[in-house]
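Novice: Numbering (my numbering), first residue to last: 7 to 497.
Yeah, the Cβ is synthetic: ideal placement off N, Cα and C, and Gly gets one too.
None of these values were measured; they are calculated from a predicted model.
Here you go, one structure.
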Ligand SMILES: [Zn+2]
């Protein structure tokens, strides 16, 4: 299988290079014949023709599609040339007879490899995706069998922890595999993808759902909904007051230390040596383990969320923007401290929790269960009171939420999840306040003024005392309530 990966990667890279070269040839404007313009030769320097220069020689045309003009002219010249993918596909078949390495690879897998390149090409020209890149060993790690090729014999009937089944892969042979998720006997098996990971080989089996997915009702008609607030201290906070913890698989002290030690072992070995490679594998295995743990925990969390209510309301987070670097600060041509070193740790934590992955898992489970998911604008959700909807930065004190306006006390994250649910409700009752944050801000401004006025009357000492007390956050809740009420009286 490792051998296959090498051949397939070379095949892909060669086809890509050929297409690129053909494209460059096409764009060389000359007054010669049309055929010359479109690249009659695979290599301009040697002017060698079809079949005599390189293993995949062919004139490949722009966008992988032959223009009507060229099709006409090639027919005139008695050449039956199709588009790039047709030519390369035909040549690949010939190549299997010529080369031992190509001959060993299953022909459908090889053609599928080419089809993948075509998809990448179409993505670039039609859907404005990135241009297909050359692949290194490190990012070419899988190949795919077409539906009906791989034969699975599931002989796992008992509910033992470790159970092996057998699979026959054409061109490779029969082998056993660890049955981690038993495939139902009546399942319609589609493509089978073989993937090389740090700790071994994996097989991803695509199954066709036997039943159609349930219809997702309109969110306005559901009987119950749950709001979720994602965070770093608590992975998920639900409206019912429960939490899903975040074990910080990749950023906790133990793992960080382990990673640091193992990474250092790699760095100390001679570059290009076998020992360095071996040490690198150990690091990769640890990363894989972290990813596996995270994945498992996220499925658990997603299942919990989806099982709670008939609809889910979440934040519409822009994780990429949250992870952005701090802007460089310049003073008289010198770069000043901009807080990036502190931000780096936060960015690492954000990468570790991977909310995006979690949201996609929730979306999939909800779709399977026929439950609607709504994403709302997350602006000021952590500062807004869920009872009186007063928005202020001072409402929050670490994990504690104390409303300045009504004295409502709650856990800050639970509070945020309730605000999130409330915002979705606004749309329920069709109040439709589009500029929600703008509205709330106006209110805040007025309240802030009065609060300052009140404090000024109280005198400086009193204010500073209140401030220190709040920041310590060790005062019993009753005392805080008292403080809140007195503030309101001054209003
Ligand atoms: Zn309030």
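1) Decide if the segment 344-361 is in contact with the segment 242-257; the criterion is three or more beta carbon pairs, one per stretch, under 8 Å apart.
2) Use the C-beta contact count for residue 347: other C-beta atoms within 10 angstroms, 16 or more gives buried, fewer gives exposed.
3) Between the beta-carbon of residue 402 and the beta-carbon of residue 381, is there less than 8 Å?
4) As an exercise, report each continuous alpha helix (DSSP H) stretch of at least 4 residues that is fully enclosed by the segment 320-389, in chain order.
5) Taking the CB atoms as reference points, tell me whether residue 242 and residue 311 lie closer together than 8 Å.
6) Give a yes or no on whether the C-beta atoms belonging to residue 183 and residue 156 are separated by under 8 Å.
7) By Cβ distance below 7 Å, which residues in the same chain neighbour residue 363 in space, the five residues on each side in sequence not counted?
8) Expressed to the nearest angstrom, what Euclidean distance is found between the alpha-carbon atoms of residue 113 and residue 218?
9) Out of 153, 115, 181, state which residue places its alpha-carbon closest to the alpha-carbon of residue 160.
10) Drop a sphere of 10 angstroms on the beta-carbon of residue 240, count the other beta-carbons inside from all chains shown, and report buried for 16 or more, exposed for fewer.
11) For ligand 1, enumerate in chain order all residues having a CB closer than 5 Å to any of its heavy atoms.
12) On the three-state DSSP scale, how would you describe residue 417?
13) How about residue 147 and residue 22: are their beta carbons less than 8 Å apart?
14) Less than 8 Å separating the beta-carbons of residue 393 and residue 386?
15) Going residue by residue through the segment 144-214, where are the continuous alpha helix (DSSP H) segments of at least 4 residues, counting only ones entirely within it?
16) Across which residues does DSSP place residue 221 in a beta bridge pair?
17) So for residue 266, helix, strand or coil by DSSP?
18) Can you give me the start and stop residues for the beta strand (DSSP E) that residue 312 sits inside?
19) Short check: CB of residue 223 to CB of residue 334, under 8 Å?
20) Quick one: using the 10 Å Cβ neighbour count with 16 as the cut-off for buried, is residue 103 buried or exposed?
21) On the three-state DSSP scale, how would you describe residue 403?
22) Answer yes or no: do residue 231 and residue 316 have a C-beta to C-beta separation smaller than 8 Å?
23) Roughly how many whole angstroms lie between the Cα atoms of residue 118 and residue 262?
24) Who pairs with residue 249 in a beta bridge, going by DSSP?
25) Taking the straight line between their C-alpha atoms, what separation do you get for residue 368 and residue 151?
26) What is the rounded straight-line gap between the Cα of residue 350 and the Cα of residue 343?
27) Determine the extent of the beta strand (DSSP E) in which residue 233 is found, giving its start and end residues.
28) Could you tell me which uninterrupted alpha helix (DSSP H) segments, each at least 4 residues in length, are contained entirely in the segment 105-130, listed from first to last along the chain?
29) Determine the direct distance from the alpha carbon of residue 416 to that of residue 297, and round the result to whole angstroms.
30) Apart from the five residues just before and just after residue 507, which ones in its own chain have a Cβ nearer than 7 Å to its Cβ?
31) Could you check what DSSP says for residue 228 in three-state terms: helix, strand or coil?
32) Can residue 293 and residue 204 be called in contact, C-beta distance under 8 Å?
Specialist: So, from the data block:
1) yes
2) exposed
3) no
4) 325-328, 346-359, 361-375
5) yes
6) no
7) 304
8) 33 Å
9) 181
10) buried
11) 391, 393, 394, 396, 409, 411, 412, 414
12) strand
13) no
14) no
15) none
16) Looking at the DSSP assignment, residue 221 forms no beta bridge with any residue, so it has no partner.
17) helix
18) That residue, residue 312, is in no beta strand (DSSP E); its alpha helix (DSSP H) goes 280-314.
19) no
20) exposed
21) strand
22) yes
23) 40 Å
24) 243
25) 29 Å
26) 13 Å
27) 232-236
28) 106-110
29) 33 Å
30) Residue 507 is absent from the structure shown; the chain starts at 7 and stops at 497.
31) coil
32) yes
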